[in-house]
Structure formats: structure tokens, C-alpha cells
Amino acid sequence: MQTKVAVIGAGVSGCSSALALLEQYPSLDVTIFSDRPFEQTTSFGPAGLFRLDKLENRKWALASFKRFIEIHQKIGGSAGVQLVSGHILSDDLQLLKQQEACMADIVFNFGWLKEHELKQFANPSKYAIHFTSFTTEGRTYVPWLVRNLKEKGAKFESRRVKSLEELGREYNLVINCAGLNAGELVSDDQVVPIRGVLIEVDATWHKHFLYRDLVTISIPSTTSLFIGTVKEVGRSDLVITQEDREDIWNRVLNLMPTLKNAKVLSEWIGLRPHREQIRLDLETRQTTDGKTFTVINNYGHGANGFTLSWGCALDVVELAGSQLKIASRL
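Per my numbering, the sequence shown starts with residue 49, numbered consecutively.
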């Protein structure tokens, strides 16, 4: 009998988990559920820079970086993956040392800037690091994942899942990648929103990313530049205020005065699903009529959803393979 898999969430975590499963187990019957159009999801957001803050997530980040290398070499920008170099500035030496510990041996060309190299910036900080990494444009990359999924036979259904049990009656395996709603489905109150705001500007002459203290940022995309941001834990309103705009522009112009006359193309606001520790585990549940089914939780990635997406997806595959009798492609 064909194993039926339900994936809750059609963002980068859900689609990556589904695709990794189908690449390993092509015989699976996979359906991805989403309660809203892709344009209303956090994954539709602008280009995210591959960057890491926590040592405990290195395994997932490394696996994702290797995947992005493969995509970059074989497919390129049409999948939304771009190789980009840039800098992070800070007066906080320990903040940059933490970045070094987390990813210096994962990204390319990591190094510390010498004193004379700081002069390239209009208003430099005391310290700066350089590295080459990937940006992943969600509005291009996730549709690319979706096309791959459909080619492998995955189905998509527009539906709000109110409980895991409603899917457990029909599916052998349920993968919980529901973002902010993931905690609600498993009674986990540790999931909180992080409110973020980015502004898209017409400044294609900026070819490098530039950060100050991980909050003031600029990330180039294929057609524009994204600047920001705010990171407000626990705040969930989705209205960009004039205070947001002024705060972002004041900090960005201090860092990059050449953007003073840049034309604003669009604005983006999103809620990133944060959990102090990412939840990626397996549990067995029962429906009210006694049917047993398996749940794999994969949520709480916060602002690192793209950075950790493929690494976490591979762990989903490993957990699934340990529980289910499914034929591998190997």
C-alpha cells in the first residue's frame, strides 16, 4: 500500500521537506496543505542572506549550503539562488567572533578587514568581516521548489488544518511545518513572531551585501536592493508605520549615504516564526477512533528559514525513514 504523507505549510520549510522526501522515496503520495496564497506567506519575502547565529544549527546550515552550491552550479539565478559577497560591520567584537565561530568554515572567503580596508565605508564601525555566501530570493526559490514537487507528483491543497488528527485519519505521516501556527497544532507556546520590515529600492549599483550589527542591512537581489530592518520579538501587527520607515532610513543612510535618492519600489512586512530552540522531532499520535499515525515537527526557524531549510529537510527524511516502510530510490 502506498504511504501517504501530509505536509502542513507550503513555505520554504514545508516544500523543502516534501522535496527531500520525494527525492529519497519517489513512491510516496505527498500532499502539501496551505491556508493562504504563497504571496501572503513569510517565504514570499525578499532575498535572505545565508548567515548563521547559533553553533547548534551548524549541521543544518552546512547541508543547506552544500545544496545551494549544487543549485548555483547547475541551475543558477533562475532558481533564485545567487552567490554574493559583502561585509558585516560592528563595534561589538564578540558579535563578529560569534559569526566567525558559526560559519567561517562553511561560507567562502571569510576574513577580517584590516584598518585601511575599513576606509571603503562612509561611516565604518571598529571591526568588520567579509565573506561570500548565497542569497535566496523566496519569491523565486519557493516556486522553483513547487515546480519540482509537481513534477514528482506532489499535490497541493488550499485548506486550513485545525488539528493534526484530522489529517491522521487519512495519512500515515504528517509533517508539521506550519510556521507560526505550528506550535498551536501541538500545544507548544514557545513559538513567537518576530516582526520584520524591508524596503525594496532601485539601486542595482549595490552589488554587495552590507550589515551593521545584524539589524541594519542591505541585500542585493537580481533586480534591486533590499534594505532594513526591524526585529521585534512578540509583535504581530502587519502594518508598516512611518516610524518603521524613518528608523530604517536613518540607520541605512548613515551606513550608505549614496542611497539618499534611491527610488522606493516596494515594502515588505512579515512575521518570522521564532523558537528559542528549533523543534525537529518525531512523535506518535492517535486519532479519536484509535488510528496511530506519525508526526514529524519541523518549525521555529525564525529568520533562518532559508539558511537551515535543506539541512532540516534531510533530518525529516532520516526520521521518516526510521519509522515507515517505504522504498528508497537507492
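Positions of the beta carbon are idealized from the N, C-alpha and C atoms, including for glycine.
C-alpha of Asp285 to C-alpha of Asp295: approximately 17 Å in a straight line. In terms of Cα proximity to Glu87, the closest of Val300, Gly318, Ala361, Leu362 is Gly318. For the 9 Å CB-CB criterion, Leu197 and Leu70 form a contact. Here Thr79 has Lys52, Val53, Ala54, Val55, Ala202, Lys203, Phe204, Glu205, Tyr219 as same chain residues with Cβ atoms under 8 Å from its own Cβ, once five neighbours each way along the sequence are excluded.
Here Pro305 is exposed. Its C-beta has fewer than 16 other C-beta atoms within 10 Å.
Under the Cβ criterion (8 Å, minimum of three pairs), the stretch 227-237 does not count as touching the stretch 103-120.
In the three-state scheme derived from DSSP, where H, G and I count as helix and E and B as strand, Asn224 is classed as strand. The residue among Val287, Gly134, Arg260, Ser138 with its C-alpha nearest the C-alpha of Trp316 is Val287.
Non-local beta-carbon contacts of Lys107 in its own chain, meaning distances under 7 Å to residues more than five positions away in sequence, involve Gly359 in chain order.
For Glu331, the closest of Thr183, Ile242, Glu199, Val343 by C-alpha to C-alpha distance is Val343.
Look at Lys107 here: in three-state DSSP terms it is helix. Excluding its 5 nearest sequence neighbours in each direction, Met151 has C-beta neighbours in its own chain below 6 Å: Leu100, listed in chain order. Sequence-distant partners of Arg217 (beyond 5 residues in either direction) whose C-beta falls short of 7 Å from its own C-beta, in its chain, are Thr335, Lys339. Every beta strand (DSSP E) of 3 residues or more that sits fully in the stretch 154-185 is shown, in chain order, as 156-160, 175-185. In the pairwise beta carbon analysis, the stretch 120-133 is classified as touching the stretch 181-201: at least three pairs are separated by under 8 Å. Under the DSSP assignment, Asp295 falls in the alpha helix (DSSP H) whose first and last residues are 290-303.
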